[in-house]
Amino acid sequence: MRNHLLPSAIALAAALSSPAFARPMTEVDLATLKRVAAPAASPDGRWVVYQMTETEPATYKRSTGLWVVDRNAKNAQPVRIADTPGKNETSPAFDKDGALFFLSNASGSDQVWRIDPKAANAAATQVTDAKAEVAGFKISPDGTKLLAWGDVPRECTSFGCDAKDKGAQPGPGTGRLYKDGSGFVRHWDQWETPGTYSRPFVFNLEGGKATMDRAVDGGLVGDTPSKPFGDGSELAWGPDSRTVYFTLRKADRKEPTSTNLDIYSMLVDARMPPINLTEVNQATDTLPAPSPDGKWLAYAAMARPGYESDRQVLMLRNLESGETKKLTDAWDRSVASIAWAADGKSLYVTAQDVLDHPLFRVDVASGKVEKLKASTEEYDGNIGDVTPLANGALLYSRNTVLLPTDLWVRDAKGKAAQLTNVNAAELAQFDPVKVERLQFAGAGGDKVWGQILKPVNATGKLPVALLVHGGPQGSFGNAWSTRWNPRLFAQQGYGTLTIDFHGSTGYGQAFTDSINKDWGGKPLEDLKLGLAAAGKQDAGIDVANACALGGSYGGYMMNWIAGNWPDGFKCLVTHAGIFDLRAMSMETEELWFDEWDHGGPWWERTDGEKWNPVNHVDKWKTPTLVITGELDYRVPYYQSIAPYTVLQRRGVPSELLVFPDENHWVLKGANSVQWHQSVFNWLGSYLKK
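Positions -22 to -1, 1 to 667 (mature numbering (1 follows the signal peptide of the UniProt record, and there is no 0)) are the ones given, in order, by the sequence shown.
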């Protein structure tokens, strides 16, 4: 594991200056563009390290490595560090002395390693050598301890052990036994292993090695961080380096119907159980962030149990008195991330806000929320990974609907500048695409937003691809996607339309709530009105020559459109779409979502069949491509086989694309290319250009 320089800036500039390469972006480009994530900054703010994933175009094999940038050097070029051929390095984090810790599988499993990022040709040393793989970690502020987490059986008192309890597989066969009230049976794309959870442990750091590991979850049974998408934002060190804060939802009979994540505190060297700081709230509490002086704990909290898309309010807890206050209760936006300013007088948060996901500053004393400019463009796009630096500057990631993720720095005076541009040479080759924002009166006269993308140099009327987002409580806004990418559709010669229908996020909680028990109502009306409004706003797109596409809830909407707007489109693409709400209510794993959105378990619903696509198949006639993944346990693949069967039996032109190694999303490089090629071939068969 050693450090290496990137190709010279001269070669990069030459690539950027050559217009001869202008061409449409392709599905191969989307799969192989570099992916930046997980930025970390040294204590003095000089050194920035990030992970970058690269994809080999011939094999689509991916590898992830670490790169460092010296912010003090003029025209500094990123340098590869800890480079082990054939292995991955991820999750960089600095200690107080500027040493860099990270995860690597160089020893055969994911473990914590350490390197000096400033030294040329520095060699990395292994820090942990545990029986379990390390999924993530955090270094204590004083640098003497390491908090790590990973999948560990409950019976283990150390980070991994040879489990003796064979109760999960009783008898001579291969069957797993899930005992009464044990929680999830399967989740997202994995069958649960009974008795094994994601658990946090603390190690001492002595002489560059991790020693004396001990669990910090006490007798609690559940996953920390939460699965499948929880991460390090659900755990935090206190500034005293003695206290750990973590979130956990109890794994019991209620787990599949519960959104009750609680925040616990634990003195790591005390013989005391963890303390539940949020026991009074039966809804979600998450994102624990202690203040620099240790007096306050900031966190995000929802109010309604069982509702995963409730508004997350920024909370402050006095750690001495236990008193709490809702800092952003008057702000009708949902806090997605939290970071303290160094002086402890304000917090930096992000939140979805009308197509963008900007950066905000919240004053601790007053709760006043101020939107901060975080780019040099009119719209800031999608801001994440916010890291306050020592000099009052901010490091963060940024992407837009046109540009993949790079790192930016906003100085103490408020000036934003781009720090990395890892795909500059590739992006310079692509034909330019322009974006128009669409605003129209939707269902009930409410203001609804959308976007129209198309090639800058397009001539004549373009056929339309209407992309419908999933969630349904989400947004198809000004953000880059490696799966449903509006720019890529526009580069194929389509006027690409996205609409944030009723139920979308970033427009106030009432707008988000409005889809509850109304899946096929206002959203469908918004899509109809939005398609018409787009045609009026942009005469260069032909809304009568259109296909519609969607995944998850967007796939549900395709199935709903097939029976309730059968003359609206030349073709449809439904990916992982819900076809039968009755079956879905008992096949999906996170029951809280289905039961909140539709009014409880199936046998308690008064109008369960009202928005069920299966009841309208007698009107299906639109040619449809159906796509699913066999590892999808959120919307199981039976929900895709059934509509394909209907289409075939009714003689409707249809195809079924099944990925045996994908879940609810198509993530692997070669599969992504195949997905897009199949979709573009389908659109091209029915849309006249």
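Each residue gets a CB set at the ideal place from its N, CA and C atoms; glycine is no exception.
The beta strand (DSSP E) enclosing residue i, as first and last residue numbers
| i | result |
| --- | --- |
| Gly528 | 519 to 529 |
| residue 669 | For the chain, the structure presents residues -22 to 667; residue 669 sits outside this window and is missing. |
| Arg227 | 221 to 228 |
| Asn377 | 372 to 377 |
| Tyr326 | 324 to 329 |
| Glu348 | 347 to 350 |
| Glu565 | Here Glu565 belongs to no beta strand (DSSP E); instead the alpha helix (DSSP H) covers 559 to 565. |
| Glu34 | Here Glu34 belongs to no beta strand (DSSP E), and DSSP marks it neither H nor E. |
| Ser315 | 313 to 318 |
| Val14 | 13 to 19 |
| Ala60 | 57 to 61 |
Beta-bridge partners of residue i, as assigned by DSSP
| i | result |
| --- | --- |
| Tyr156 | Answer is none; Tyr156 lacks a bridge partner. |
| Pro49 | The sequence shown places Arg at residue 49, rather than the Pro named in the question. According to DSSP, which records beta bridges pairwise, Arg49 is partnered with nothing at all. |
| residue 671 | Coverage of the chain is limited to positions -22 through 667, which leaves residue 671 absent and any answer about it impossible. |
| Met293 | Tyr277, Lys304 |
| Glu414 | Ile430 |
| His335 | Asn360 |
| Thr483 | In the DSSP output, where bridge partners are listed per residue, Thr483 has none listed. |
| Trp215 | Val222 |
| Thr476 | Gln429, Leu445 |
| Ala394 | Arg388 |
| Asp240 | Leu226 |
| Thr264 | Ala278 |
| Phe489 | Answer is none; Phe489 lacks a bridge partner. |
| Ala419 | Lys425 |
Contact set for residue i: own chain, Cβ-Cβ below 7 angstroms, skip 5 residues either direction
| i | result |
| --- | --- |
| Leu440 | Lys432, Gly471, Tyr472, Gly473, Gly518, Ile519, Asp520 |
| Leu245 | Arg220, Thr221 |
| Gln655 | Glu5 |
| Ser(-5) | Low confidence applies here, because Ser(-5) scores a pLDDT of 40, under 50, leaving its location unreliable and the question unanswered by this model. |
| Tyr622 | Val604, Ser632, Leu634 |
| Asp189 | In the sequence on display, residue 189 carries Thr and not Asp. Contacts found: Phe181, Asn182. |
| Arg461 | Trp643, Val644 |
| Val112 | Leu81, Asp88, Gln89, Val90, Thr106, Ala126, Gly128 |
| Pro270 | Pro217, Trp318, Ala320, Gly322 |
| Ala(-14) | Low confidence applies here, because Ala(-14) scores a pLDDT of 31, under 50, leaving its location unreliable and the question unanswered by this model. |
| Asn542 | Gly498, Leu502, His594 |
Residue span of the alpha helix (DSSP H) that contains residue i, given as start and end
| i | result |
| --- | --- |
| Glu404 | 402 to 405 |
| Asp504 | 500 to 515 |
| Gly647 | 647 to 664 |
| Leu625 | 616 to 627 |
| Val6 | 5 to 10 |
| Ser574 | In the sequence under discussion, the amino acid at residue 574 is Trp, which differs from the Ser named in the question. 569 to 576 is the extent of the alpha helix (DSSP H) around Trp574. |
Cβ-based neighbour list, residue i, same chain, cut-off 6 angstroms, excluding 5 preceding and 5 following
| i | result |
| --- | --- |
| Ala511 | Phe418 |
| Gln330 | Ser453, Thr483, Gly484 |
| Asp22 | Ala368 |
| Ala54 | Val47, Asp48 |
| His553 | Gly529, Gly533, Ile605 |
| Leu661 | Cys525 |
| Arg289 | Ser312, Gln487 |
| Ser650 | Ala9, Val644 |
| Asn456 | Leu333, Asp334, Tyr357, Gly359, Thr378, Val379 |
| Met535 | Val446, Gly528 |
Nonlocal neighbours in the same chain, by C-beta distance under 8 angstroms from residue i, ignoring five residues either side
| i | result |
| --- | --- |
| Phe489 | Asp424, His480, Gly481, Ser482 |
| Phe467 | Leu431, Ala443, Leu445, Thr474 |
| Gly420 | Val426, Phe479, His480, Lys500, Glu503, Asp504, Leu507, Gly508 |
| Val386 | The residue you asked about is not Val; residue 386 is Trp in the sequence shown. Excluding sequence neighbours, Trp386 sits near Ala352, Ser353, Leu373, Tyr374, Ser375, Arg376, Ala394, Ala395, Gln396, Leu397. |
| Ala(-1) | Gln407, Phe408, Asp409 |
| Arg24 | Asp48, Arg49, Asn50 |
### Query
Along the chain, which unbroken stretches of the beta strand (DSSP E) at least 3 residues long are found entirely within the segment 434 to 464?
440 to 446
### Task
Report yes or no: do three or more beta-carbon pairs, one from the segment 563 to 583 and one from the segment 267 to 286, lie closer than 8 angstroms?
yes
### Query
Is the segment 214 to 226 touching the segment 175 to 195, taking contact as three or more C-beta pairs under 8 angstroms?
yes
#### Entry: alpha helix (DSSP H) segments (min. 4 residues) lying fully within the segment 127 to 210
none
### Task
Count the C-beta pairs between the segment 544 to 557 and the segment 585 to 605 that are closer than 8 angstroms, then say yes if the count reaches three, no if not.
yes
### Query
Can you find at least 3 beta carbon pairs, one from the segment 306 to 317 and one from the segment 352 to 360, that sit closer than 8 angstroms?
no
#### Entry: Contained beta strand (DSSP E) runs [length at least 3] in the segment 66 to 119, N- to C-terminal order
67 to 72, 78 to 82, 89 to 93, 114 to 117
### Query
Between the segment 636 to 643 and the segment 578 to 589, do at least 3 Cβ pairs fall closer than 8 angstroms?
no
### Query
Any contact of the segment 306 to 325 with the segment 253 to 263, i.e. 3+ C-beta pairs under 8 angstroms?
no
### Task
Evaluate contact between the segment 92 to 111 and the segment 65 to 83, counting only Cβ atoms and requiring at least three cross-stretch pairs below 8 angstroms.
yes
### Task
Assess, as a yes-or-no matter, whether the segment 114 to 128 is touched by the segment 63 to 75 under the definition of 3 or more beta carbon pairs within less than 8 angstroms.
yes
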